[in-house]
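K.L.:
In this note's numbering, the protein residues as written are 234 to 701.
1. In the DSSP assignment, find the unbroken alpha helix (DSSP H) run with residue 268 in it and report its ends.
2. Just to check my reading of the structure: residue 557 and residue 570 have Cβ atoms closer than 8 Å, yes? What is that Cβ distance to the nearest angstrom?
3. Start and end of the alpha helix (DSSP H) containing residue 597?
4. Going along the chain, which residues of its own chain have a beta-carbon closer than 7 Å to the beta-carbon of residue 536, five neighbours each way excluded?
5. Quick one: which unbroken alpha helix (DSSP H) runs of 4-plus residues sit fully inside the stretch 360-407? Chain order, please.
6. What is the DSSP secondary structure of residue 308, reduced to helix, strand or coil?
7. Take the Cβ of residue 274 as the centre, count every other Cβ of all protein chains shown within 10 Å, and call the residue buried at 16 or more, exposed below.
8. Take residue 374 and list the residues in its own chain whose beta-carbon comes closer than 8 Å to its own, dropping the five residues that flank it on each side.
9. When the Cα of residue 461 is compared with those of 348, 550, 692, 687, which residue comes out closest?
10. Which value, in whole angstroms, describes the spacing of the CA atoms of residue 415 and residue 621?
11. What residue range is occupied by the uninterrupted beta strand (DSSP E) comprising residue 664?
12. Just how far apart, CA to CA, sit residue 580 and residue 442?
13. Please report the straight-line C-alpha distance between residue 383 and residue 326, rounded to a whole angstrom.
14. Taking the alpha helix (DSSP H) that residue 283 belongs to, which residues open and close that run?
15. Check residue 508 in the structure and name its three-state DSSP category.
16. Within its chain, find whatever has a CB closer than 8 Å to the CB of residue 371; leave out the 5 residues flanking it on each side and keep chain order.
17. Please go through the same chain and pick out, in chain order, the residues whose beta-carbon is closer than 8 Å to the beta-carbon of residue 515, but skip the five residues on each side of it.
18. DSSP beta-bridge partners for residue 590?
19. Which same chain residues end up closer than 7 Å to residue 269 when comparing Cβ atoms and leaving out the 5 residues on each side of it in sequence?
20. Look at the alpha carbon of residue 693 and the alpha carbon of residue 564, and state the distance between them as a whole number of angstroms.
21. Taking its Cβ as the centre, do 16 or more other Cβ atoms sit within 10 Å of residue 234, making it buried, or is it exposed?
22. Report buried or exposed for residue 740, applying the criterion of at least 16 other Cβ atoms within 10 angstroms of its Cβ.
23. State the beta-bridge partners of residue 426 as determined by DSSP.
24. Would residue 667 pass as a contact of residue 688 if the rule is Cβ separation under 8 Å?
25. Nearest CA to the CA of residue 590: which residue from 628, 464, 617, 534?
26. Between the stretch 510-528 and the stretch 393-400, do three or more beta carbon pairs fall short of 8 Å?
27. Around the Cβ of residue 481, are there at least 16 other Cβ atoms within 10 angstroms (buried) or fewer (exposed)?
28. Taking its Cβ as the centre, do 16 or more other Cβ atoms sit within 10 Å of residue 361, making it buried, or is it exposed?
29. Are residue 344 and residue 355 closer than 8 Å when you measure CB to CB?
30. If I follow the unbroken beta strand (DSSP E) through residue 479, where does it start and stop?
31. Let me know the beta strand (DSSP E) ranges lying completely inside the stretch 621-700, each 3 residues or longer, listed in chain order.
32. Taking only three categories from DSSP, how would you classify residue 707?
33. Within the chosen definition, does the stretch 603-613 reach the stretch 624-632 through at least 3 CB pairs nearer than 8 Å?
34. From 467, 429, 435, pick the residue whose C-alpha is nearest to that of residue 421; which is it?
35. Quick check: what's the CA-CA separation for residue 348 versus residue 305?
36. Can you tell which of 408, 519, 662 has its C-alpha closest to the C-alpha of residue 623?
Here it is in structure tokens:
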């Protein structure tokens with residue numbers, strides 16, 4: 234009864250501010266739940282009108298002596314352009330423009346129609362998220378026409394040819410080749426790597442990406458190579474198995490290159506790498522087995538051939554057993570035996586490890602198959618083994634290339650060093666396939682062919698026939 238003056242506030246609030254404040258203080262109230270939904274500012278006027286009506290009804294002698302308004306940003310009416318073609322296709326029925334205009338104006342829209350385009354201005358009370366797309370206008374029209382008044386029609390479907398994604402197919406073929414044909418087990422590791430395995434692999438972390446909130450203090454670095462993760466997987470699996478084969482295909486991360494935009498400068502660069510290993514006690518066997526896997530990978534995965542050369546030694550590899558992997562004179566990876574120091578730092582004991590790593594992004598899938606049908610020979614081929622003594626620095630690849638054009642096929646059999654072979658020399662044994670499609674080869678023809686092959690090898694490499 235003593236109240237003589239009342240100040241009445243009717244307000245609306247910016248939805249974004251309310252939502253952020255509620256999240257920051259972890260506080261939910263009836264008001265915050267309501268205001269964070271972006272309520273129409275024009276509803277304040279309705280609140281004022283209702284309030285004044287109540288004051289007039291309850292306090293007949295009251296008088297309004299002051300009024301103030303702060304209106305920083307009005308709710309904008311949604312403006313939407315809707316084409317006649319869009320409505321005709323989506324509705325499945327052509328409606329006269331006057332019918333559409335009448336429907337929309339009855340719902341509070343303002344509509345102008347010109348050049349078969351409806352320029353629609355949504356009412357303010359529906360412009361806070363209710364109506365923002367031309368599909369919303371379409372829905373209002375369909376609802377008022379009545380869904381039962383539209384004739385059902387089947388969906389139109391256009392069947393197009395499948396997109397050939399050679400890079401995706403190559404990644405799948407690589408996995409299938411290693412798993413099904415070569416007997417490897419695929420593994421998945423976390424992208425963050427224990428720092429001790431990065432140090433064991435002797436990998437520089439200068440360009441590595443660090444996590445702001447790592448899962449553990451020693452797991453703050455994202456992998457820039459798959460080698461450390463493979464070392465960790467080998468160390469853990471040796472607790473249960475004496476020998477095994479594993480591979481992993483995953484992304485690696487490095488710091489972004491310099492860009493004018495500061496944002497782009499901080500984005501990491503990610504590449505797809507493939508790594509694999511063979512773990513067993515015989516170091517020589519596993520190295521050559523892994524090299525053979527890589528030599529045949531191009532044939533079965535339908536991509537450009539890989540070649541091998543002596544390059545810069547990866548710091549995790551043994552100094553006597555490593556090769557660089559090349560595609561078109563560009564280095565795409567490396568293969569080698571893991572050094573004793575790296576194995577010791579990784580707690581890998583009583584075994585040997587051959588490992589490789591490839592940059593999958595630099596592998597070149599073939600656009601189309603080049604397989605050609607060749608009929609089986611009517612007359613069986615003749616196979617002869619040949620053993621020659623050559624210098625240690627003569628490679629099998631060079632020797633094979635020198636005589637491949639002279640015979641049907643050259644197959645490596647074995648490499649031998651022993652008491653019968655002089656120091657600085659080695660014996661290479663290979664099988665030669667030769668044949669004649671018109672007639673069976675005579676002994677003289679076979680001997681002449683073998684002599685011509687031996688002559689080529691003698692001239693190019695100083696090879697001599699090995700004496701039994």
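Cβ atoms here follow ideal geometry from the backbone N, Cα and C, with glycine treated the same way.
P.N.:
According to the structure data:
1. 263-268
2. Between residue 570 and residue 557 the Cβ distance is about 14 Å, and since that is not below 8 Å, they are no contact.
3. Element bounds for residue 597: n/a, residue is neither H nor E.
4. Excluding sequence neighbours, residue 536 sits near 403, 596, 597, 598, 599.
5. 367-378
6. Residue 308 falls in the coil class under three-state DSSP.
7. buried
8. 320, 324, 328, 333, 336, 337
9. The candidate whose alpha carbon is nearest that of residue 461 is 550.
10. Here the C-alpha atom of residue 415 lies approximately 31 Å from the C-alpha atom of residue 621.
11. 658-667
12. 25 Å
13. As the crow flies, the alpha-carbon of residue 383 is around 7 Å from that of residue 326.
14. 276-291
15. strand
16. 315, 319, 320, 323, 324
17. Within the same chain, residue 515 has close Cβ partners 585.
18. 508, 567
19. 248, 251, 252, 255
20. 28 Å
21. exposed
22. Here the chain comprises residues numbered 234 to 701, so residue 740 is not present and cannot be evaluated.
23. 454
24. Cβ atoms of residue 667 and residue 688: not closer than 8 Å.
25. 464
26. no
27. Its Cβ being crowded by 16 or more others within 10 Å, residue 481 is buried.
28. buried
29. no
30. 477-487
31. Complete beta strand (DSSP E) runs here, min 3: 642-649, 658-667.
32. In this structure the chain extends from 234 to 701, so residue 707 is not present and cannot be described.
33. At 8 Å Cβ cutoff, the stretches do not touch.
34. Relative to the Cα of residue 421, the nearest Cα in the group 467, 429, 435 belongs to 467.
35. 37 Å
36. 662
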